[in-house]
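Below is one structure, written out as structure tokens, with a few remarks after it.
Numbering (the numbering used here), first residue to last: 84 to 307.
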């Protein structure tokens, strides 16, 4: 049981997921409530090996992307490219609400461009992950996500593998790795629901299973 245990599924989905009703596809036409990269791609590694936090609030406030109410992956990456990068988290800290853009200077985190993997092509997603780093993707959230956590029973798996899972994505996440466990391929994914959910904030979902829950609809990557 976790902190979502007292919610019914409809309440959970309303609170933790969401697509703009005007969306008619992924890519450039779907609004996703949360920045899937907010907990993963906002870090850079400096030449000394120190992990540098980049500003989430700058994206919420300054990119033309609906702030906390949803946005396009592509529009976010396009803003970062056109603005020349992002400020440090310490100079433009996250406050959790959209405010007027107060960016004084861009400090780091520029990108040369961005791209997407072909719809449903999980081999290309694997290649892009190895080449460019974490992928911004979407997934359809079921009750399996609500109560997800480490497997507590011998012989059971903590890989999400749902028969006939819908592929209409409604939640943004970041793929950070992949592997195989007891013969089953999986993606390792970072969520945005806190470290007290799942596997310290991460989860595993079946890979090479016909785009499980829509995870292979598209994978957005950045070129730095």
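Beta carbons: idealized from backbone N, C-alpha and C, even for Gly.
query                                                                                        : result
Distance CB(residue 200)-CB(residue 207) smaller than 7 Å                                    : yes
For residue 209: DSSP bridge partner residues                                                : Residue 209 is not bridged to any residue.
Residue interval of the alpha helix (DSSP H) (run including residue 141)                     : 139 to 145
Where residue 159 falls, given that 16 or more other Cβ within 10 Å makes a residue buried   : buried
Nearest-angstrom beta carbon gap, residue 165 and residue 306 [assumed within contact, 8 Å]  : Not quite, the Cβ-Cβ distance comes to about 14 Å (not below 8 Å), so this is no contact.
Same chain only: Cβ atoms within 7 Å of residue 203, ignoring 5 sequence neighbours per side : 294, 299
Limits of the alpha helix (DSSP H) - the one that residue 161 falls within                   : 156 to 166
CB of residue 189 within 7 Å of CB of residue 168, strictly                                  : yes
DSSP three-state assignment for residue 169, whether helix, strand or coil                   : strand
Pair within 7 Å by beta-carbon distance, residue 231 and residue 251                         : no
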